[in-house]
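Below you'll find the structure, written out as structure tokens, and then a few comments.
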Amino acid sequence: MILAAGLGTRLRPITYQIPKPLVPIFQVPLIRYVLEVLKTAHIQDVMVNLHYLPKPLKQYLNTQKDFNISYSFEPEILGTGGGILKVKNFFKNEPFIVINSDIIMRLDLKKVLKFHVQHKSLATMVTRPLKPTETYESLGIHPKTGRIIQFKSKTIKPPLLKAMFTGIHIFEPEIFNYFPKNKKFFCINNDVYAHLIKKKMNVFGYIHQGPWYDIGSLDLYLKYNQDLKLKRSFLKLFPGIIFPKSTA
Numbered sequence: 245m246i247l248a249a250g251l252g253t254r255l256r257p258i259t260y261q262i263p264k265p266l267v268p269i270f271q272v273p274l275i276r277y278v279l280e281v282l283k284t285a286h287i288q289d290v291m292v293n294l295h296y297l298p299k300p301l302k303q304y305l306n307t308q309k310d311f312n313i314s315y316s317f318e319p320e321i322l323g324t325g326g327g328i329l330k331v332k333n334f335f336k337n338e339p340f341i342v343i344n345s346d347i348i349m350r351l352d353l354k355k356v357l358k359f360h361v362q363h364k365s366l367a368t369m370v371t372r373p374l375k376p377t378e379t380y381e382s383l384g385i386h387p388k389t390g391r392i393i394q395f396k397s398k399t400i401k402p403p404l405l406k407a408m409f410t411g412i413h414i415f416e417p418e419i420f421n422y423f424p425k426n427k428k429f430f431c432i433n434n435d436v437y438a439h440l441i442k443k444k445m446n447v448f449g450y451i452h453q454g455p456w457y458d459i460g461s462l463d464l465y466l467k468y469n470q471d472l473k474l475k476r477s478f479l480k481l482f483p484g485i486i487f488p489k490s491t492a
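Count along the sequence shown from 1, add 244, and you get the number used in this note's numbering.
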């Protein structure tokens, strides 16, 4: 499932005109990079939730013939957790992947799925090491087991590995047993993960060591689009994407 219902407020004024998943990086919409990640695990059946400016997003996704895409329109935005719960039946009581629509990273999902199965994980978060200068919310991961011990903590100390969540998770269908009752709008992080980790349940962090790009602010977005060196690296990182000639 791709989470694509957000308002994209941090990329305004660009997102006044187009939904955030269609904001282009090197003339390629953000959500196209997400689909490329799903391809690594040969995933074809994809659910996308919609809310803000759904029509252009749906029109674009309907051109992606490598995927069988279904849609869940939210008249009122439901949050990350509520959006997942709304389409529970789509997952057919099987393990499933949830990914944000603005992820740019080169990741082999097959390796993450293998990690998830080997650890008998209820939920697996794809993470990346957090640099000392970065201010993202932190996760504390046990260096030997991979279990997430601390969640959104400011005091993560060795031997725990300090990492951040990249926006990709894998869930077992039993995860729905831990969703809030009688709640339509809720956050998967604050309302589900926080409680699971506190109860020391099987939540693990897969540590991704490769490239990951944050397009979370207008300044970063403009910086990346003007970085010629980054353009050349993207051509190598995403061989499955046909970039316009002007980006070469």
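For every residue, glycine included, the Cβ atom is placed at its ideal position computed from N, Cα and C. In this text, all values refer to a predicted model and were calculated from it rather than measured experimentally.
Just so you know, the alpha carbons of K332 and K473 end up roughly 42 Å apart. With 16 or more other CB atoms across the displayed protein chains lying within 10 angstroms of its CB, G390 is buried. Y468 and A407 have their alpha carbons spaced roughly 23 Å apart. Distances from the alpha-carbon of N434 to those of L481, A249, H360 and K396 put K396 closest. Secondary structure in the segment 292-324: the beta strand (DSSP E) runs of 3 residues or longer, each lying completely within the stretch, are 312-317 in chain order. If you draw a straight line from the Cα of V272 to the Cα of F487, it is about 7 Å long.
In the structure shown, I275 falls within a helical segment according to DSSP collapsed to helix, strand and coil. A direct Cα-Cα distance of roughly 21 Å separates F430 from N446.
Segment contact: the segment 343-354 against the segment 274-284, three or more CB-CB distances shorter than 8 Å; contact assigned.
Pairing F335 with I328, the inter-Cα distance amounts to about 10 Å. Boundaries cannot be given for I459, as no alpha helix (DSSP H) includes it and DSSP labels it neither H nor E.
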